[in-house]
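Since the structure comes first, as structure tokens, the remarks are kept for the end.
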Amino acid sequence: MSGDVATGGVPVVEVTQRFRFAAAHRMHNPRLSAEENRRLYGRCNHANGHGHTYRVAVTIRGPIATETGRLEDRDRLCEIVQARVLDRFDQADLDGLITPADGVTSTAEVLTGVLWRILEEALPAGRLVRLRVEETPNNICELDSDGRGEQRPRSGK
Amino acid sequence: MIRLTKRVEFCAAHRYVNPRWGEDENRRRFGKAVNLHGHNYVLEVTIQGTPAPDTGMVMDLKALKDLIVDAVLIHLDHKNLNVDVPALVGRLPTPENLAVTIWGLLAPRLVGGSLYRIRLCEDDGSAVDYYGEWDRP
């Protein structure tokens with residue numbers, strides 16, 4: 001129903017779905033001294049932790065399914081995010097969920113990489129094209145499938 | 001090249017029904033969206049081009065707004081997308097198909113900049129972006 005009669009082709013679209021979850025964390029690199037941690041992470045190193053309402057925007061890309069008029073996997077995306085991200089990360093302590101293999105501490109960059117790998121594994125190859133994680137409205141991290149916005153270590157607080 | 005976006009809103013009703021499926025199958029696939037309902041759509045039209053030296057503009061935003069009204073909104077605003085829009089006949093009125101349709105209505109009439117992206121939001125939680133791309137078999 002959405003196909004082009006002349007060519008038999010279908011349009012390719014991108015769909016972005018937004019979600020939010022509330023989580024606690026503390027920036028702390030166990031390989032550094034207390035003083036070095038304080039200098040590097042500032043108030044984010046506060047011993048008892050703090051938290052954010054993280055806002056996440058997931059963008060997938062693909063052809064419009066002819067029978068439904070919708071991007072394939074669009075409905076499944078919400079189920080995947082619910083089961084694999086929100087059920088785990090909402091009302092949770094990120095520092096219990098992020099391992100040393102993910103990164104040295106739960107920065108927005110490390111968290112974005114963790115969420116990217118979770119979503120990429122659950123979706124068909126090539127479907128995930130962009131992930132935007134807003135730690136606060138002022139601190140935003142993005143990853144693209146074409147390598148733009150590649151993860152970089154945090155250089156300051 | 002620089003990109004320029006005009007944002008407009010329109011209100012319309014729609015429902016999702018594939019005429020090849022029975023009522024039960026439609027309800028199973030589309031849930032409550034089989035019922036007639038509506039949205040306050042937000043449409044962002046993004047063009048790209050080079051600012052003219054004389055004006056500093058890729059395109060006069062007022063002219064772009066007038067074109068969006070004349071080419072798109074006059075067909076969609078306060079309409080029933082299932083029955084009132086000739087360009088949508090035979091297609092389910094999803095935001096995906098609507099974005100592609102809006103591209104088709106606007107692109108041939110743009111003078112100055114070229115169409116870069118149609119972004120359509122039914123609500124704050126999601127957006128569809130169309131860049132004019134086709135997947136050829």
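Just so you know, the sequences run in chain order D and B.
Under our numbering, the first sequence has 70 at position 70, and the numbering climbs by one with no breaks.
Under our numbering, the second sequence has 43 at position 43, and the numbering climbs by one with no breaks.
Built from N, CA and C at the ideal position, the CB exists for glycine as well.
Item	Value
8 angstroms Cβ shell around Gly51/D - same chain, five flanking residues per side excluded	Ala22, Ala23, Ala24 and His25
Per-residue DSSP class, three states only, for Met1/D	The pLDDT assigned to Met1/D is 44, lower than 50, so where the model puts this residue is not dependable; a value taken from the coordinates is nonetheless given after this. Looking at Met1/D - three-state DSSP - the assignment turns out to be coil, as it is neither helix nor strand.
From Gly125/B, Val111/B, His14/B and Leu98/B, residue whose alpha carbon lies closest to that of Tyr131/B	Leu98/B
Alpha-carbon spacing of Val176/D relative to His28/D, whole angstroms	Residue 176/D lies beyond the stretch modelled for chain D, which goes from 1 to 157, so this question has no answer here.
Beta bridge counterpart(s) of Asn80/B as assigned by DSSP	Ala13/B
Test: Leu119/D CB closer than 8 angstroms to a CB of chain B	no
Buried or exposed by the 16-neighbour rule on C-beta atoms within 10 Å, applied to Arg43/D	exposed
Gly112/B in three-state terms, based on DSSP	coil
Rounded straight-line distance, which links the Cα of Val129/D to that of Glu9/B	27 angstroms
Short Cβ contact (8 angstroms threshold) for Thr66/D with Glu14/D	no
For Ala127/B and Arg127/D, the rounded distance between their alpha carbons	16 angstroms
Cutoff 8 angstroms: Tyr116/B Cβ touching any chain D Cβ	no
Length at least 3, wholly inside the segment 17 to 75 of chain B: the beta strand (DSSP E) runs in chain order	37 to 49
Beta-carbon neighbours of Tyr130/B, restricted to chain D and to distances below 9 angstroms	Pro11, Val12, Val13 and Glu14
Limits of the unbroken alpha helix (DSSP H) element including Cys78/D	Arg74 to Ile80
Reference Val34/B, options Ile74/B, Pro93/B and Trp103/B, closest by Cα	Pro93/B
Under 7 angstroms from the C-beta of Asp135/B: neighbouring residues of chain D	Gly9, Val10, Val12 and Pro63
Sequence-distant residues of the same chain with beta carbon closer than 6 angstroms to Arg119/B, five excluded per side	Glu44, Ala127 and Asp129
For Val10/D, the nearest candidate out of Gly103/D, Pro124/D and Thr68/D (CA to CA)	Thr68/D
7 angstroms Cβ shell around Gly113/B - same chain, five flanking residues per side excluded	Leu4, Ile47, Gln48, Gly49, Val58 and Met59
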